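According to the numbering used here, the stretch in the sequence shown is residues 1 to 487, in order.
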Amino acid sequence: MFDLLIIGGGINGAGIARDAAGRGLSVCLVEKDDLASHTSSASTKLVHGGLRYLEHYEFRLVRESLIERERLLNIAPHIIWPMRFVLPHDAGLRPKWMLRLGLFLYDNLGGRKLLPPTSDVNLRSAPHGDVLEQRLTHGFEYSDCWVEDARLVVLNCMDAKERGADIRTRTECTELERAGDHWSATLKSASGENTITAKTVVNAAGPWVDRVLGRALPGEQHQNLRLVKGSHLIFPKLFDHDRSYIFQNKDDRIIFAIPYERDFTLVGTTDQLFKGDPAGIDISAEEAAYICDAANEYLATDIAPEGAVASYAGVRPLYENNAASNSTVTRDYQFELDDTGPKLLSIFGGKLTTYRKLAEHALEKLGVRGDSWTANSDLPGGDINPVRFDAFVDQQCEAFPWLASETVLRLARAYGTRMVQLLGDAQGTNDLGAHMGGDVYARELEYLAAQEFATTGEDVLKRRSKLYLHLSQDEQTRIDQWFENAA
1 MFDLLIIGGG
11 INGAGIARDA
21 AGRGLSVCLV
31 EKDDLASHTS
41 SASTKLVHGG
51 LRYLEHYEFR
61 LVRESLIERE
71 RLLNIAPHII
81 WPMRFVLPHD
91 AGLRPKWMLR
101 LGLFLYDNLG
111 GRKLLPPTSD
121 VNLRSAPHGD
131 VLEQRLTHGF
141 EYSDCWVEDA
151 RLVVLNCMDA
161 KERGADIRTR
171 TECTELERAG
181 DHWSATLKSA
191 SGENTITAKT
201 VVNAAGPWVD
211 RVLGRALPGE
221 QHQNLRLVKG
231 SHLIFPKLFD
241 HDRSYIFQNK
251 DDRIIFAIPY
261 ERDFTLVGTT
271 DQLFKGDPAG
281 IDISAEEAAY
291 ICDAANEYLA
301 TDIAPEGAVA
311 SYAGVRPLYE
321 NNAASNSTVT
331 RDYQFELDDT
341 GPKLLSIFGG
351 KLTTYRKLAE
361 HALEKLGVRG
371 DSWTANSDLP
381 GGDINPVRFD
391 AFVDQQCEAF
401 PWLASETVLR
411 LARAYGTRMV
421 QLLGDAQGTN
431 DLGAHMGGDV
441 YARELEYLAA
451 QEFATTGEDV
461 LKRRSKLYLH
471 LSQDEQTRID
481 QWFENAA
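Below you can see the structure in the form of C-alpha cells.
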C-alpha cells in the first residue's frame, strides 16, 4: 500500500511527488500520457512574479511568485535563467506613472537578490529602434526568468524517483473508490490493468481534475474549473538581441515576444474560454490573427500567421471564481479536501512559478509531517552556481574538447551537471552511438529513456527538448524509429 497516490504528471503532481518522497512517504504518481504532455508544456515558459496580477491586487500571489522565482533559479540554473523584458510605454494605454509604480513594487515585493532592477529605456536607440514602431520612444526594462517548462516537470519526477517514488507514465487511473481506510485504484497501461491501494489520493489531473473527482465521488456535481486556452506562435527570429518584449493590448491583456531556441521568436499568448476535450488542441485561426494583430501594434515589421514555423496551444485549468473575463480569473491555486473517509485532495489552478510552494501547502493540508526541504535542494543537474553558469559551460568545453561549443551549451542547458553522466567515458562522437541527426546521438536517447521516462520520439523532440525545430523530418523520423525499435 502506498502512502500517497498522485493522479497527474504535470508540474503540480511532480512537485508534490518530489516533496512527499523526500519526507519519506511511499509515493506512486500516474500520468495517462507523457509527463508534462498538456498544460505544463504549453506555457509561455516563464518563471515570473506576474506583473499584470498587481492590477488585480493579487499582492500575495505576486510576492510568493517573486520569492519563488529566485529560489527556483538557485535550484535549477541550467533550465532556468534570467531574462530582461522591455515594456514600451504607449500613449493612451497605462500611463508612465502607473507602469513605474507597478515595476517599483515588482522590484521590491519579493526580496530580489540575484536579478538586476528596473531601468528606463530609450526605444529609439539600438537595439530597439529598428524593431519597434517609430511612435514608441520610452519604455522600462525589468527582470524575470525563462524556464524549460516540461524539463522542470521531468526533473522533479527524476528526483522523486531517486528518493523512492514510483513514477508511471502512460498509465491511467480508470477507477477510484474508497475501501474502508484506504483507496483502491485501477490503473490501465499498455501492459494491462492492475489495482493498487493508497492511504491518500492527490488529484492533480489539471484540466481533467473534475473528471477524476467524478470517478472518486460519483453522484456529485463537479464543475470547479474554468478552462482557458492559451496559444503561441513561433516565428523565425524577429530581432537579433537577447531582450524580450511585453506588449500592452487595448483589451488590457498583454502578449510577449521572446527569443526562442536560438533561431526563433516565441509570440503569445491568448486567453480564450475553452469547452470540450483538452487533449490534442491546436491554435485557432482567430487566435493566430489576434496574436499577430497585437504584436503588429508595436513591431516595425508586421508578422502574419502564415509566417509562423510552428505553434502550440494548451488549456489552463483555472479555479472558477466567477471573474468577469478570462484574463482576470485568478492564477492562484485552490485546494478541495474531502476527508469523509481516506483523504482526497484536489488541486485547481496554480502556475509554474509557485508549484514548489503549492506542494508544501498540499502536504500541510494533508497533515503530512516532516520539515519542508525543497527550497534549497538542487534539482537533478542543478548543482551549479547560477551566477557562474557561463564558467560551468567553459569547464565542459575544456573537458569535452571534441564537442562543438554549441553542443556543449545545449547539453549544459538541458542536463546541467548530469551531462557528465550522459557522456560517460566517451572520447569522441564515435563513442556516442548512432548519429541520429544534428548533434544528437543514440547515447543521448539511451539516457533519456533510462533516466527521464522518455518512451517515444515526440517525448524527446517536443518535451525533453525542442529539437523538432532544428532537425529535418527524416532526422525526426529516425529518432521515432529508434524508440519503436527499443520498445
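All C-beta atoms in this analysis are idealised placements derived from N, C-alpha and C, irrespective of residue type, glycine included.
Computed from a prediction, not measured in an experiment: that's the story for all the values here.
Look at H232 here: in three-state DSSP terms it is strand. Selection A279, H48, G22, H128 evaluated against A205 yields A279 as nearest (Cα-Cα). In this structure, E177 and K357 do not form a Cβ contact; the two beta carbons are roughly 31 angstroms apart against a cut-off of 8 angstroms. Distances from the CA of H182 to each of E172, K199, I167, G424 were compared; the closest alpha carbon is that of K199.
With a cutoff of 8 angstroms on beta-carbon distance, L352 and L132 are scored as not near each other. Beta-carbon to beta-carbon, N203 and I11 are separated by about 15 angstroms, too far to satisfy the 8 angstroms threshold. The Cβ atoms of H78 and G381 sit closer than 8 angstroms to each other.
Bridge partners of L29 according to DSSP: I6, I167.
Per the Cβ contact rule, the stretch 300–317 is in contact with the stretch 259–278 (3 or more Cβ pairs under 8 angstroms).
When secondary structure is reduced to three states using DSSP, K96 falls in the helix class.
Secondary structure of S125 (DSSP, three-state): coil. Under the criterion of beta carbons closer than 8 angstroms, A17 and C157 qualify as touching, at roughly 6 angstroms. The C-alpha of A216 is placed about 10 angstroms away from the C-alpha of D338. In this chain, S43 is not harboured by any alpha helix (DSSP H), its DSSP state being neither H nor E.
If only uninterrupted alpha helix (DSSP H) runs of at least 4 residues are considered, those enclosed by the stretch 386–473 are 389–399, 405–415, 419–423, 442–451. Residue I291 holds the alpha-carbon nearest to the alpha-carbon of G307 among D90, I291, E475, P127.
Note that the stretch 430–437 does not touch the stretch 452–463; fewer than 3 beta-carbon pairs, one per stretch, sit closer than 8 angstroms. Counting only the Cα atoms, G13 lies some 18 angstroms from N224. Taking each of V228, E261, A300, T301 in turn and checking the Cα distance to T269, the smallest one comes out for V228. With a cutoff of 8 angstroms on beta-carbon distance, E70 and L103 are scored as not near each other. The Cβ-Cβ distance between P305 and L73 does not fall below 8 angstroms. Taking each of A21, L93, H222 in turn and checking the Cα distance to R253, the smallest one comes out for L93.
Between F274 and D425, the alpha-carbon positions lie close to 50 angstroms from each other.
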